[in-house]
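Residue numbers (the working numbering), protein chains in the order written: chain A, 47 to 370; chain B, 573 to 852.
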């Protein structure tokens, strides 16, 4: 349990209290959205929260262990397409179950890819994930059951189950719940022996291995968790877009955003991806509305390059440095 | 089979830049295919606006690409290599470049396929029953000439040997009072210059749109890893074999399966023999 793992280096709230605070924030966000009762707010909120989940998922592997996963779209799309498959087979299945299935599928792919390539230098893993995205896209483009290159339609129910109101509210709520889980897991990892193991791998893998850290096992755990959360983040996507084709499901934007947001926010803590996602996601939405939809995708790329050059510790790092 | 061989020859041109940057300098430039596409569009503009032959245009553009590469290496060196922070942020840096290059091309040219005009694009040479389309044969020749030229440069000239020395042992070089950074800048610039040529022959072989660069990332790294990181001979063998296997796959299973081949090759190589076919 995370609450028992409070140590000297882990000040602040215990795991339970942290979870309660997160739930409180999530609930008030949702209540605020309800009070506004503008669908647009939910559509934007969904995207931002989705990126918090994606960024956190990427950060579990990239930020904590230092292994760069470029195949975000592969895991994300596996989640999305597993929903399409389930929708065609058992349309009555509740969305949270679909999310879980999507997560398990993506986690398994992460396990396989990781097992084959994680024993080598980190760059090989990165290159393999980059290629993985292309291959999963090829497979799905050739798979007629899920629409192939033409894409698939998913009908969004008109009314949300359980809570009533527009269905987008339900989607937002599911994503919000997922976000709470992802942040809880990320913070618990940071404060557990697992997190110290990850940090040891990131700082000096050879030394970690020599002092008895089971590096391959830890790396696989990180890859599976990371891939699983990416899959879960992608699972509700078909209901959000209602029409999913390989070109949009595998859009490079997802990958760039999911990497840029933790790097901009700061990779060392769970807070980094949240800050990055809120800032960049909000900025992108603003630019999309005011300037053009083409320019908004450039933002993440340019900001990412600027931050890795000028502020390698991200925004969180800028504040930390001042405090020390 | 023969068209696969010719295609493989073209892959060699695409991969040689990465063979230099990744194989010899240990800089994981995953943005290389995006800059190849930049080369394609330079050739496209020169061809449609000035009526130049795309390959001639690329040869003219090479110095500009060389400078761009040298500039990018300088940024990379100051921001990452000197701080010994290459893996996470260095990779993200190139990923960002890849994305910026691709989106910029989309913003300027849109996502329509573009193609060029040249005298050798239509006709074929016929040797009995075998028909060789010139649009594959010319790129094959150009590519092989470029690989051979670079091989000669690396083994015969002083600067080329210095680059090979950097690839082998940087510390030793520094101890001998040579400056590895300057040499690496030259080599990285060269790897970018090859992207101009590779881009021009890419647009001769097929119409291009900005996102097809991504298909080449897996291919290029599969070839370079399979070829044994930095060995040109190994790279050419790997490129030719991949071209043949992809063509066979396209013939028997349909062309949309071809991109998956390189990933299979890459995974198997990494799992079984990470040092490549001609690796040490």
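For glycine and all other residues, C-beta sits at the position ideal for the given N, C-alpha and C.
(message) Can you tell me whether residue 84 (chain A) is helix, strand or coil according to DSSP?
(response) coil
(request) Measure from the C-beta of residue 647 (chain B) to each C-beta in chain A and report whether the shortest distance is under 8 Å. (result) yes
(request) Using a Cβ-Cβ cut-off of less than 8 Å, give me the residues of the stretch 302 to 315 of chain A that come near chain C, in sequence order. (result) The structure shown contains no chain C; the protein chains it does contain are A and B.
(request) Could you name the residues of chain B that residue 365 (chain A) contacts, counting a contact when the two beta carbons are closer than 7 Å? (result) In chain order: nothing, as chain B lies at least about 19 Å away.
(request) Could you check if residue 740 (chain B) is buried or exposed, using at least 16 other CB atoms within 10 Å of its CB as the buried criterion? (result) exposed
(request) Confirm, please, whether the CB-CB distance from residue 795 (chain B) to residue 593 (chain B) is below 8 Å. (result) no
(message) Can you look up residue 686 (chain B) in the DSSP assignment and give me helix, strand or coil?
(response) strand
(request) Give every residue of the same chain whose Cβ lies closer than 8 Å to the Cβ of residue 213 (chain A), excluding the five residues on either side of it in the sequence, and list them in chain order. (result) 202, 203, 204, 205, 206, 285
(request) Count the C-beta pairs between the stretch 85 to 102 of chain A and the stretch 244 to 255 of chain A that are closer than 8 Å, then say yes if the count reaches three, no if not. (result) No, the stretch 85 to 102 of chain A is not in contact with the stretch 244 to 255 of chain A.
(message) Bridge partners for residue 205 (chain A) per DSSP, in chain order?
(response) Answer by DSSP bridge pairing, in chain order: A:212.
(message) Taking the straight line between their C-alpha atoms, what separation do you get for residue 597 (chain B) and residue 687 (chain B)?
(response) 34 Å
(request) Write down every uninterrupted run of the alpha helix (DSSP H) in the stretch 595 to 657 of chain B whose length is 4 residues or greater and which is fully enclosed by it, in chain order. (result) 604 to 621, 626 to 648
(message) Distance cutoff 8 Å, beta carbons only. Does residue 852 (chain B) sit that close to anything in chain A?
(response) Because the pLDDT of residue 852 (chain B) is 47, which lies under 50, any placement of that residue in the model is unreliable, and the number read from its coordinates should be weighed accordingly. Taking Cβ atoms only, chain A never reaches closer than 8 Å to residue 852 (chain B), which makes this a no.
(message) Can you look up residue 583 (chain B) in the DSSP assignment and give me helix, strand or coil?
(response) helix
(request) Using the DSSP secondary-structure output, state which residues sit across from residue 780 (chain B) in a beta bridge. (result) Within the DSSP secondary-structure output, residue 780 (chain B) pairs in a beta bridge with B:686.
(message) Within 8 Å of any Cβ in chain B, is that where the Cβ of residue 177 (chain A) sits?
(response) yes
(message) Once DSSP output is grouped into helix, strand and coil, what is the label at residue 703 (chain B)?
(response) strand
(message) Among the candidates A:330, A:193, A:343, whose CA atom is the shortest distance from the CA of residue 289 (chain A)?
(response) A:193
(message) Using the three-state DSSP reduction, which class does residue 364 (chain A) fall into: helix, strand or coil?
(response) helix
(request) Determine, using beta carbons only, whether residue 106 (chain A) and residue 272 (chain A) come nearer to each other than 8 Å. (result) yes
(request) Please check if any C-beta of chain A sits within less than 8 Å of the C-beta of residue 712 (chain B). (result) no
(request) Would you tell me roughly how many angstroms separate the C-alpha atoms of residue 599 (chain B) and residue 797 (chain B), rounded to the nearest one? (result) 14 Å
(request) Report the rounded CA-to-CA distance for residue 544 (chain B) versus residue 781 (chain B), giving the unit in angstroms. (result) The displayed coordinates of chain B run from 573 to 852. Any statement about residue 544 (chain B) would go beyond what the structure contains.
(request) Give me the Cα-Cα distance between residue 809 (chain B) and residue 185 (chain A), rounded to the nearest whole angstrom. (result) Each residue's Cα considered, the two are about 27 Å apart.
(request) Give me the Cα-Cα distance between residue 833 (chain B) and residue 173 (chain A), rounded to the nearest whole angstrom. (result) 15 Å
(message) Between which two residues does the alpha helix (DSSP H) holding residue 791 (chain B) run?
(response) 785 to 798
(message) For the pair the stretch 116 to 124 of chain A and the stretch 173 to 183 of chain A, tell me if three or more CB-CB distances fall below 8 Å.
(response) yes
(message) Using C-beta distances below 8 Å, list every residue in its chain close to residue 638 (chain B), excluding the 5 sequence neighbours before and after it, in chain order.
(response) 761, 762, 764, 765
(message) Our contact map puts residue 99 (chain A) next to residue 279 (chain A) with C-beta atoms below 8 Å; I'd like the distance itself, whole angstroms only.
(response) 4 Å
(message) Give me the chain B residues within the contact set of residue 328 (chain A), using Cβ-Cβ distance strictly less than 8 Å, ordered along the chain.
(response) The contacting residues do not exist; residue 328 (chain A) stays about 20 Å from chain B at best.
(request) Output the boundary residues of the alpha helix (DSSP H) element that contains residue 695 (chain B). (result) Premise fails: residue 695 (chain B) is in no alpha helix (DSSP H) and is neither H nor E.
(request) Please name the residues in the stretch 771 to 802 of chain B whose beta-carbon is closer than 9 Å to at least one beta-carbon of chain A, in chain order. (result) Residues passing the 9 Å Cβ filter: 783, 786, 787, 789, 790, 791, 793, 794, 797.
(message) If distances are taken between C-alpha atoms only, which option among A:312, A:242, A:170 comes closest to residue 839 (chain B)?
(response) A:170
(request) Identify the contact partners of residue 602 (chain B) in chain A, using a Cβ-Cβ distance below 8 Å as the criterion. (result) The answer, in chain order, is 116, 172, 173, 176.
(request) Return the first residue and the last residue of the alpha helix (DSSP H) that residue 242 (chain A) is part of. (result) 239 to 249
(message) Check whether the stretch 224 to 244 of chain A and the stretch 128 to 137 of chain A touch, using three or more Cβ-Cβ pairs below 8 Å as the test.
(response) no
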